Amino acid sequence: MSRPTGAQAAEFGHLPDNITVLEGESVVLRCKIDEEVTHKAWLNRSNILFTGTDKWSLDSRVSLVNNNNSDFSIKIERVMVADEGPYTCSFQARNQPRTAHVYLIVQVPARIVNISQDKSVNEGDDVNLFCLAVGRPEPTVTWKDFKYGLMSEGEFLEITEIKRHQAEEFECITNNGVAPPDTHRVKVTVNYPPMITDVKNMPAQVGKTAILRCEAMAVPTASFEWYRDDRRPVESDNTLKIKNEKTRSLLLFTNVTEKHFGNYTCFASNRLGASNASMLLFRPGAVYGGAASLNGGLSGVGLWFCLSISVLMKV
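Residue 109 in UniProt numbering sits at position 109 of the sequence shown; the count goes up by one each step and never skips.
Shown next, in the form of structure tokens:
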């Protein structure tokens with residue numbers, strides 16, 4: 001099998017079994033004649049294309065490029081898949097019929113024709129992705145996991161009980177060796193309830209500034225609220241401000257007073273659930289009971305009776 005570049009000549013004096021051409025390119029089928037010829041014709045299967053200079057084919061893409069005592073050649077432009085098949089150069093020399101045969105193979109680069117859309121799923125769901133491709137010869141289809149570099153063969157990719165760390169882009173790659181591979185990516189977003197990752201008790205001095213931090217990983221992004229010992233919502237004032245960012249909330253004390261010392265609870269929630277954590281703002285050197293605590297896995301935003309409040313120190 002040979003790969004054509006532009007027009008490909010098939011010299012029937014040294015007859016190849018087949019000629020390979022890319023869809024959309026041109027090919028020349030060349031019939032070399034070394035003997036005195038009285039009649040000659042080109043056929044595709046049983047269809048006559050040319051008899052001598054007389055064109056029988058109605059296809060404007062097929063033309064006679066050479067017609068002399070040594071060369072009887074035709075050209076097919078903008079080759080299509082339908083052109084694939086056997087071609088015969090038939091001629092009569094010295095009252096003996098002679099034929100030469102060649103099989104035209106039309107290749108088509110691999111191409112993705114249908115693929116899963118980007119998906120948003122909840123953690124624990126089963127995920128099924130598909131990638132359908134066409135080409136000649138039949139292309140291979142491979143799924144690539146960008147985060148870990150793992151590969152999976154086949155049109156379908158199945159992920160059972162997906163975990164949050166598996167949220168990423170998956171690339172479908174199809175290839176049949178005819179042209180560079182065709183690729184397409186599918187983004188899978190995994191939703192999960194907030195998980196507060198780290199909290200710390202914070203020492204502070206009267207008259208100084210202080211910050212309590214609450215960081216939560218969640219998809220969709222968590223919303224934050226702050227509560228004091230008696231579960232009053234914390235609100236911003238001229239000495240305390242709440243600054244919410246994408247993955248964390250900051251409780252900013254611009255001028256610490258005695259009333260600020262105590263236990264604070266950060267509450268992070270999204271539509272899938274909630275998590276809370278308690279921490280202390282305390283005077284350095286003071287003795288207190290309890291440590292910063294994390295409480296996760298709440299299934300509803302309103303389950304405040306489940307909050308764990310650290311024991312307030314004596315000041």
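Where is the CB? At the ideal position from N, CA and C, for every residue including glycine. Quick caveat: nothing in here was measured; it's all calculated off a predicted structure.
- By the Cβ criterion, the stretch 215-222 is in contact with the stretch 175-193, since at least three pairs of Cβ atoms, one from each stretch, lie closer than 8 Å.
- Annotation: the UniProt domain "Ig-like" (4-101) contains the following complete segments of the beta strand (DSSP E) (minimum length 3 residues), in chain order: 18-22, 27-32, 37-44, 47-51, 62-67, 71-76 and 85-93.
- At a Cβ-Cβ threshold of 8 Å, L157 and W143 count as neighbours.
- Counting only residues of its own chain and dropping the five nearest sequence neighbours on each side, K208 has a CB closer than 7 Å to the CB of V256.
- Per DSSP, reduced to three states, the secondary structure at Q107 is strand.
- Separation of the CB atoms of V79 and V141 is rounded to 25 Å, and the pair is thereby denied contact status at 8 Å.
- Assignment of beta-bridge partners to Y227 by DSSP yields P233 and T265.
- In the DSSP assignment, the residues bridged to R136 are V108.
- Judged by DSSP in its simplified three-state form, E258 adopts helix.
- In the DSSP assignment, the residues bridged to T189 are S120.
- For R30, the closest of I196, E258 and F72 by C-alpha to C-alpha distance is F72.
- The shortest C-alpha to C-alpha distance from S275 to any of E171, C214, A167 and D17 is the one to C214.
- With three or more CB-CB distances shorter than 8 Å, the stretch 176-187 counts as touching the stretch 99-109.
- In the assembly as shown, R271 is an exposed residue. Its beta-carbon has fewer than 16 other beta-carbons within 10 Å.
- The beta carbon of P139 sits closer than 7 Å to those of A110, A133, T174, N175 and N176, all from its chain and outside the five residues before and after it, given in chain order.
- Taking the C-beta atoms as reference points, N201 is found no nearer than 8 Å to D229.
- Here DSSP, grouped into helix, strand and coil, assigns R248 to strand.
- Considering only D125, K243 and H260, the residue with the shortest C-alpha distance to V206 is H260.
- Within 10 angstroms of the beta-carbon of T38 lie fewer than 16 other beta-carbons, which makes it exposed.
- Shown here for E36: same chain residues with a beta carbon closer than 8 Å to its own, the five before and five after excluded, namely N69, A93 and R94 in chain order.
- Taking the C-beta atoms as reference points, L240 is found no nearer than 8 Å to F224.
- Annotation for N122: N191 place their beta carbon closer than 6 Å to its own, counting only its chain and skipping 5 residues before and after.
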